[in-house]
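Under the numbering used here, the first residue of the sequence shown carries the number 786, and numbering increases by one thereafter.
Think of the CB as a built atom: it goes at the ideal place given N, C-alpha and C, for glycine as much as any other residue.
Computed from a predicted structure; not experimentally measured.
Worksheet for the structure shown next.
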Amino acid sequence: MSQASQLIGPVKPLDFQPPLPVDRLIVQEAPNEEAVPMDVIFVGGGPAGLAGAIELARLVQKDNEAGGGIGDIEIGVLEKAGQLGEHSLSGAVVNPRAFEELFPELEMDEFPLGKPISKEAVYLLTESRAIRLPTPPTMQNHGNYVGSICEIVRWLGEKAEGLGVNVFPGFPVASLLADGDRIQGVRTTPSGLNRDGEPGGGDYMPAMDLAARVTVLAEGTRGTLSNAYLDWQEIGSENPQIYALGVKELWETKKPLDRVIHTMGWPLPGDAFGGSFMYPMEDNLVALGLVVGLDYRDARFDVHDVLQRMKLHPLFRPYLEGGEMVEWGAKTIPEGGYYAVPTRRHGNGICIVGDSAGYVDVPSLKGIHYAMHSGMLAARTIFQALKVDDTTEEGLAGYTRAVDESYIMKDLKRTRNIRLAFKGGFYSGGFKAGMMTLTRGAFPGGKIGVEEDAAERRSLGAGGPSTPPDGKLTFSKVDGVYKSGNQTRDDIPSHLIVGDDVSREAGELYVHMCPAGVYEMDGDELRVNAPNCVDCKATDVLGPRWTPREGGSGPAYRRM
């Protein structure tokens, strides 16, 4: 009897997922005597963290110039990637609103954005056809720009350093340091450890403590420290957060693309939520990707493989043939929307901003400007708290209030049930989403409740036909990891916490779920190739827990 026929299913990922290691992520210790003193630390050098640091530095500068007396304020940004931008991945179509607010002195052509969007198209795909649809109001992008999140982050980093912000790439944060319920700083991960977690030689660097009056968690999607803090403080939300996984490729092409393209339908099964995109980044550079909700029902569904099959479609193939795939990457996206935002995103000495707080509007496919704006709102609250020397939970409460009163939550509320409506399938979800758009969210009149992705039962289905890699148009997962620039040491300690007694059904789910080939089954045994990981966090949603590892590990994205 074959192994496949012995797999009985269904599988519920939550049954095999280990708990979040909160005791490792939040440590009841004071920063040590050699701790680097800071006033404010932003954990994460993405759009939210850097925009927040820039806004705070400017407020401090203006206050001192006006004789306000706040004095020198040390601001630090800790980023786990080896260089800013190397772990940043997005589509991206960017709403410039936050740039205009943060840099009112600059003209539009001075921002790190690409072409303004003048043409766009939405298609319903079948296996051989592309049927043009009217562009839904939520997806209309007039006034927006294509952009590389890597380039945006590098540009913001230069602006931050120009204002005196201390930017530290290559320093992931392993733990929050607490005194009771007060966060008083962070501890970084050590580096140079061998596979057994012991100092491995001359490259060893111990963990470093940094003390801070306020710590801002700007970790991006599925923030590990953010989730640990929310669990520790028992801060809930009306719905659990749910996620999608996006796999993206950059292509140098011979045929130019003149419009932004989004698709729905094929090659996704009818019970999966998602779609594809193709964006003209430059005259000969195209971004192509597939995004799928992690509540899909077939445990053998493989996002990377489905993307390879999709590229053979007549809509995409003419643009890609004769070109070269120059970069590959993957990232999860928080999709829960309004009802999944935590009720409180601040605490005693801490704020949570950006994707870590769930500020993403799925119907419009936007999150970057929300992330930046949330960082700026946090900075304004922190500035006032520093002025009066009150960085307690009460002193920082203005941040949550400011976000709740801002366009961030107003936008999320207007589309609050649209993603959730697709839990019942593509066609019924499309009808309900249309009604919600027409009524500006009034229909259906209440909250659509959902479970977390790991609680969704999966069947071991067919998974779809496999697409053999040809090295020209279609590629293997190993090819993708190479194109991500991943140069993680082979002998690094595993940063993935695998549950006990993982069933073969769950193991097969992990194998197909991971776009980077981290997991493989050897008979009944699950093997983990941790260095392959590109930090997309899909594993943390459905399987083994992701934890911070040595600085500079993972991908080295350049133009994603």
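| Asked | Found |
| --- | --- |
| N-terminal and C-terminal residue of the beta strand (DSSP E) that Ala963 is part of | 958–964 |
| Through-space distance from Val1076 to Arg1044, alpha-carbon basis | 19 Å |
| Whether Thr1324 touches Tyr1304 by CB criterion (9 Å) | yes |
| Beta-carbon spacing of Gly1234, Ser1261 below 9 Å | no |
| Backbone secondary structure at Trp1331 - three-state DSSP | strand |
| 6 Å Cβ shell around Gly1183 - same chain, five flanking residues per side excluded | Thr1166 |
| Simplified DSSP state of Leu1150, which is helix, strand or coil | coil |
| Chain D within 9 Å of Gly1143, Cβ atoms only | Of the chains in the structure shown, none is chain D; there is only one protein chain. |
| Member of Trp1331, Phe1086, Pro1065, Glu1037 whose CA lies at the smallest distance from the CA of Ser903 | Pro1065 |
| In DSSP terms, what Ile968 is bridged to | Ala963 |
| Cut-off 7 Å between Cβ atoms - residues of its own chain near Ser1279, not counting five sequence neighbours on either side | Val1313, Ala1315 |
| Neighbour-count burial assignment, Ala1163, 16 or more Cβ in a 10 Å radius | buried |
| Span of the alpha helix (DSSP H), counted from its first residue to its last, around Cys1136 | It is not in any alpha helix (DSSP H) - Cys1136 instead sits in the beta strand (DSSP E) that spans 1135–1137. |
| Arg1344 versus Pro1025: straight-line alpha-carbon distance, rounded | 32 Å |
| Best match in Ile839, Ala959, Phe888, Ala996 for proximity to Glu946 [C-alpha to C-alpha] | Ile839 |
| Beta-carbon proximity list for Leu941, same chain, < 6 Å, skipping 5 on both sides | Leu835 |
| Whole runs of the alpha helix (DSSP H) within the stretch 1014–1054, excluding any shorter than 4 residues | none |
| Coarse secondary structure for Lys1322, derived from DSSP in three states | coil |
| CB of Tyr1028 within 9 Å of CB of Gly1078, strictly | yes |
| Close-in-space but distant-in-sequence residues of the same chain around Pro1250 (CB under 8 Å, 5 per side omitted) | Arg1094 |
| Residue span of the alpha helix (DSSP H) that contains Gly741, given as start and end | Here the chain has residues from 786 to 1345 only, and residue 741 is not among them. |
| Cβ-Cβ separation, Thr1176 to Gly1139 (assumed contact under 8 Å), whole Å | 20 Å between Cβ atoms; not a contact. |
| Three-state class that DSSP yields for Glu890 in the structure shown | coil |
| Helix, strand or coil at Asn1012 [DSSP, three-state] | helix |
| Beta-bridge pairing of Ala996 - partner residues as DSSP gives them | Pro822, Gly970 |
| Cβ neighbours of Ile1137 in the same chain (closer than 6 Å, five flanking residues each side left out) | Leu1002, Ser1011, Arg1130 |
| Secondary structure of Tyr989, DSSP reduced to three states | coil |
| Validate contact between the stretch 855–873 and the stretch 1327–1342 using beta carbons, cut 8 Å, 3 pairs | yes |
| DSSP state of Tyr930 mapped onto helix, strand, coil | strand |
| Expected contact under 8 Å - CB spacing of Gln969 and Pro795 to nearest Å | Rounded, the Cβ-Cβ distance is 45 Å, inconsistent with contact. |
| Rounded separation between Val1287 and Val1296 - CA only | 12 Å |
| Simplified DSSP assignment, three categories, for Thr1200 | coil |
| 9 Å Cβ cutoff met for Leu1171 and Arg998 | yes |
| Anticipated Cβ contact below 8 Å, Tyr908 with Ile1046, distance rounded | 7 Å |
| One or two residues paired with Trp1113 in a DSSP bridge | Glu1034 |
| Helix, strand or coil at Asn951 according to DSSP, with G and I counted as helix | strand |
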